[in-house]
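Student: There's a structure below that I have some questions on.
There are 2 protein chains.
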Amino acid sequence: MNHQALSAIASDRRREILRLLWQTERTAGDLASEFEISWPAISQHLGILKVAGLVRERRDGRHRLYTANPETVGPLEAVLTAMWEADLDRLASHAEAEERRK
Amino acid sequence: MNHQALSAIASDRRREILRLLWQTERTAGDLASEFEISWPAISQHLGILKVAGLVRERRDGRHRLYTANPETVGPLEAVLTAMWEADLDRLASHAEAEERRK
DNA sequence: GACTTGATGAAGTAGATGCTAAAATATCCC
DNA sequence: GGGATATTTTAGCATCTACTTCATCAAGTC
């Protein structure tokens, strides 16, 4: 494991991206539409994940398809799964708090 | 696992601190003498590790003794061990390069 | 109580990070 | 080639982080 991998998955946003890519291959645009931030922001996160070796890029015409790299994500799966759960819980309770606030 | 834990161990410096504390209990000062940065810097890192639940503090007179918390570090041990190895290799090759440079 | 030692707190700074908007690149289609 | 679509690159900005120095606190020693 390289030390870029760890700081790559320390970011909430990148963990969320990685979670989606762990499920299925997606285009950058498809991925961007899941988030509220701009396309370039997503592209930058993908770049970081790619350098860290956590995602793979495949070109198909004018699309670029991304997937999580099983070789590098695999060893991190236990940690990531725990984090993904914690993240979802956190998001859920945050959404609830928002709801109450209204 | 909380999300502070992951960003806590994403830092090279904090991983090094945690490596030492995983071996033996140490005072803050003892720890600080292992590094080239200032005492307060170490103290700040310990604070972050403590909030993340990765280290425990025990007071003994005017000393504060720190250890890695096995409950929280345990589940991360595989990842950390891999990283510690990579870190040491990186440090070693960096030292070599320095040597050649002279 | 004054002094020393071990440690944290507070304020400031330089550099890294995450984002945005605008520009550039690449591929497909006509 | 020229236009449309998918995506990245660049430049700039605001915020966060790791560190420093100086100040403070707490416990033990005389």
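As they're listed, the protein sequences go chains V and S.
Residues in the first sequence are numbered from 16 upward in steps of one, following my numbering.
Residues in the second sequence are numbered from 16 upward in steps of one, following my numbering.
Virtual Cβ for every residue (Gly too), placed ideally from N, Cα, C.
(1) Quick one: is W37(V) buried, meaning 16 or more other Cβ sit within 10 Å of its Cβ, or exposed?
(2) By Cβ distance, which residues of its chain are closer than 8 Å to N84(S), with the 5 residues on each side in sequence left out?
(3) Specify the secondary structure class of R77(S) as computed by DSSP and reduced to three states.
(4) In terms of alpha-carbon separation, which member of L106(V), E111(V), P90(V) lies closest to N17(V)?
(5) Do I57(S) and L46(S) have their beta-carbon atoms positioned less than 8 Å apart in this structure?
(6) E111(V) by DSSP, collapsed to three states: which one?
(7) Taking the alpha-carbon positions, what's the T39(V) to T82(V) distance?
(8) Quick one: Cα of L61(V) to Cα of D27(V), how far?
(9) Does DSSP put T82(V) in a helix, a strand or coil?
(10) Which of the three DSSP states, helix, strand or coil, is assigned to E92(V)?
(11) By a C-beta neighbour count over all protein chains shown, 10 Å radius and 16 as the cutoff for buried, is A25(V) buried or exposed?
(12) In its own chain, which residues sit with a C-beta less than 6 Å from the C-beta of T87(V), not counting the 5 before and 5 after it?
(13) Comparing C-alpha positions only, which one of Q19(S), R34(S), H78(S) sits nearest to G44(S)?
(14) Within the continuous alpha helix (DSSP H) that includes E31(S), where are the two ends?
(15) Does I32(S) come within less than 8 Å of chain V when only Cβ atoms are used?
(16) If you drop the 5 nearest sequence neighbours on each side, which residues of the same chain put their C-beta closer than 6 Å to that of W99(V)?
Tutor: Let me lay it out:
(1) By the neighbour-count criterion, in which 16 or more other beta carbons inside 10 Å mark a residue as buried, W37(V) falls on the buried side.
(2) G68, L69, V70, R71
(3) If DSSP states are grouped into helix, strand and coil, R77(S) belongs with coil.
(4) P90(V)
(5) yes
(6) helix
(7) Using only the alpha carbons, I get a separation of about 7 Å.
(8) 13 Å
(9) In this structure, T82(V) counts as strand in the three-state DSSP scheme.
(10) helix
(11) buried
(12) Cβ contact annotation for T87(V) (same chain, cutoff 6 Å, sequence separation greater than five): G68, L69, in chain order.
(13) H78(S)
(14) 27 to 38
(15) It does not; no Cβ of chain V falls within 8 Å.
(16) R34
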